[in-house]
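Encoded as structure tokens, the structure appears first; notes follow it.
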Amino acid sequence: MSALPRVDQLLAGFAEGDAISSEARGLQAMLRRMGSDSEIYADESRVAPSARGQCRFLAEYHGTPNDVVLHHYAIASPATRSFLQAAARKVLVYHNITPTEFFTGFDDDVVRQLQTARAELRDVAARSDAVWAVSRYNAAELERAGVPRARVFPLLFTRDGTSQLADPAILRRFAAPLTNILLVGRMAPNKCVEDLIQAFAWYQRINPFSRLILVGSRHSTPRYFSMLRMLAGELDLTNVCFENYASPEGLAAYYRLAHVFVSASRHEGYCLPLLEAMEQDVPVIARSVGGTPEAMDGAGVLYEDLNPGEMAELIHQVVSDTVLRETVLVSQRRRMEAIRHRDAEQELRSLLAELPGV
Amino acid sequence: MRVFIASQDRTETVGMQIRENARRRATGGGPRFLSPEHSAIALKAAHDQADYLRIYSRLIGMRHGIQTESFAIPRKAGWVGTIVTRIKEFLWKFLRYQHDRIVWQQNLVNELVIAGLEFEREEYRIEIARLAERVARLEAQGPS
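Line by line, the protein sequences give chains A and B. Counting with this note's numbering, you get residues 1 to 358 for the letters of the first sequence. Counting with this note's numbering, you get residues 1001 to 1144 for the letters of the second sequence.
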């Protein structure tokens, strides 16, 4: 087996808990295990203070023609220019570009960056030696955008985020025996958290001894976050708990507390938290949209076109019907078993071998 | 509506059951949703950040007060639940006199802060209009 070349990764930003950053970290660890030198480079202005030291800055990147460089692409950023100017063999890793309509009114800068990313996608792909998509859904979207023959390398699922000891402070804070409905993900408009809050307003009529725990960064789209807070206030839902970003220990605690995980997202390229919840044996309910069915792969509960009242009844069924709940959990355990048997290193080696000169 | 459970299409069984339960529960009185133009959801219609601010200001202007008139006290089943609920109802009656004074003061503070923000916004608007007019005048004069 030939030695792997040096493989670097260029990102628009880098932060704890961010899906693309986690993917880059997972790939870096895998590449290093496989004997390749590998570094992560990100735009200095978009590296979270807590993540400094885990990556280098874009200005430090200098690839050679013998190297490979992966560019994780989801939004326009200076990382794309560094990628296109690189002397290394180029691989565009497509993570999906969220449709701009979700962010309209909430963040004008993000709207512009998403528009630019979509406008430049074909050109960036054409100037790459290979294009990888992190899901079949994303590959199909690339095909529609005029970028054929993208190879699929599904997002890595590492147990690092959920195998930690649970944070005892969080377990104590939520010790009251209420039914806990959990969502983990950025508080971003495409996640449609407002649908979940409205469903929870109905669920409180079914089970007043319940709470909705929302775990995810509130800094991602502050105006959207304000809308969610206002909505929870006008519905008098004191048991909606906005928990912000959680550490791995914190995440482990939230999953331990959860009776059900619900995602109302209307746009997902894949959605790793669904897998995290399954790994923790929490029943998952998700809207069937984008890459979600692919991530679930026949496990858990998928829904389409439910109003908030119906969604609340579905949550109630999954929480209270023991037979239904067990059926869901068995399907999820089967899904996680399949993920555990994935040979991601071999997949990565094969994809790299397809590059010219590797 | 579609519901899939463990890859099985259960729309006709579980789906229909939840639809029927939701319909029955709605006739018993659901949560009190505000009308779309008064709800936070109105913010989703914003065309850009400036429009968001306009809608947000309108909504926040309606929300300076803390409501205490009616809220449900959750009741657990059984006689223990009934007694606990009665105690909570009694405590609320007992504490309400002092509580409402605090709420009145907080509502007043909120109202004054919101009015202050509106005054400030109006001052900015006037200043920006004055500067825009001055820039237009200078541009019309051309380079000196």
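Cβ atoms here follow ideal geometry from the backbone N, Cα and C, with glycine treated the same way.
Ranking 9/A, 285/A and 234/A by CA distance to the CA of residue 1062/B puts 234/A first.
Comparing alpha-carbon positions, the option among 4/A, 187/A and 170/A lying closest to residue 255/A turns out to be 170/A.
Here DSSP, grouped into helix, strand and coil, assigns residue 1008/B to strand. Following the DSSP letters along the chain, one finds residue 316/A inside the alpha helix (DSSP H) bounded by residues 308-320. Taking a beta-carbon distance threshold of 7 Å, residue 1119/B does not count as an interface residue toward chain A. Contact between the stretch 31-46 of chain A and the stretch 113-122 of chain A is absent: fewer than three C-beta pairs spanning the two stretches fall below 8 Å. Under the rule that a run must span 3 or more residues, the beta strand (DSSP E) segments found entirely inside the stretch 76-148 of chain A read 89-94 and 130-133. Under the Cβ distance rule, residue 1074/B counts among the residues neighbouring chain A, one pair being separated by less than 7 Å. Here the C-alpha atom of residue 1014/B lies approximately 7 Å from the C-alpha atom of residue 1003/B. Annotation for residue 190/A: 98, 102, 265, 266 and 267 place their beta carbon closer than 7 Å to its own, counting only its chain and skipping 5 residues before and after. Judged by DSSP secondary structure, residue 1033/B falls outside any alpha helix (DSSP H); it is assigned neither H nor E. Around residue 1007/B, the beta-carbon contacts reaching into chain A at under 8 Å are 298, 299 and 331. Under the DSSP assignment, residue 9/A falls in the beta strand (DSSP E) whose first and last residues are 7-11. At a Cβ-Cβ threshold of 7 Å, residue 238/A and residue 106/A do not count as neighbours. Judged by beta-carbon spacing, residue 206/A lies beyond the 7 Å limit of residue 72/A, meaning their Cβ atoms are not closer than that value.
Listed in chain order, the positions of the stretch 89-109 of chain A with a beta carbon within less than 8 Å of a beta carbon of chain B are 104, 105, 106, 107 and 108. Between the C-alpha atoms of residue 311/A and residue 1076/B there is a straight-line separation of about 23 Å.
Contact annotation for residue 209/A against chain B: 1074 and 1076 [CB-CB distance below 8 Å, chain order]. Residue 179/A sits in a strand when the DSSP states are folded into three classes.
Between residue 285/A and residue 243/A, the CB-CB gap reaches or exceeds 7 Å.
By the beta-carbon neighbour count (other beta carbons within 10 angstroms, threshold 16), residue 1044/B is buried. Look at residue 327/A: its C-beta is under 7 Å from a C-beta on chain B. At least one CB of chain A lies nearer than 7 Å to the CB of residue 1034/B. When only Cα atoms are considered, residue 1008/B and residue 50/A end up about 43 Å apart. With a threshold of 16 other beta carbon atoms within 10 Å, residue 1016/B falls short and is exposed. Rounded to the nearest whole angstrom, the C-alpha separation of residue 157/A and residue 1042/B is 37 Å.
Within the stretch 222-302 of chain A, the runs of alpha helix (DSSP H) at least 4 residues long that lie entirely inside it are, in chain order, 222-234, 248-257, 272-279 and 292-296.
Residue 282/A is positioned such that its CB atom lies closer than 7 Å to that of residue 258/A.
Within the same chain, and ignoring the five residues on either side of residue 47/A in sequence, the residues whose Cβ sits closer than 6 Å to its Cβ are 14.
Between the alpha carbons of residue 348/A and residue 140/A lies a distance of about 20 Å. By the criterion of a C-beta distance shorter than 6 Å, residue 21/A is surrounded in its chain by 14 and 15, once the five residues flanking it on both sides are discounted. In the three-state reduction of the DSSP assignment, residue 72/A falls in the strand class, which pools E and B. Cβ contact annotation for residue 344/A (same chain, cutoff 7 Å, sequence separation greater than five): 30 and 156, in chain order. Of all residues in the stretch 276-306 of chain A, the ones placed with a Cβ closer than 8 Å to any Cβ belonging to chain B are 288, 298, 299, 300, 301, 302, 303, 304, 305 and 306, in chain order. Across the stretch 1082-1106 of chain B, no CB contact with chain A closer than 7 Å is found for any residue.
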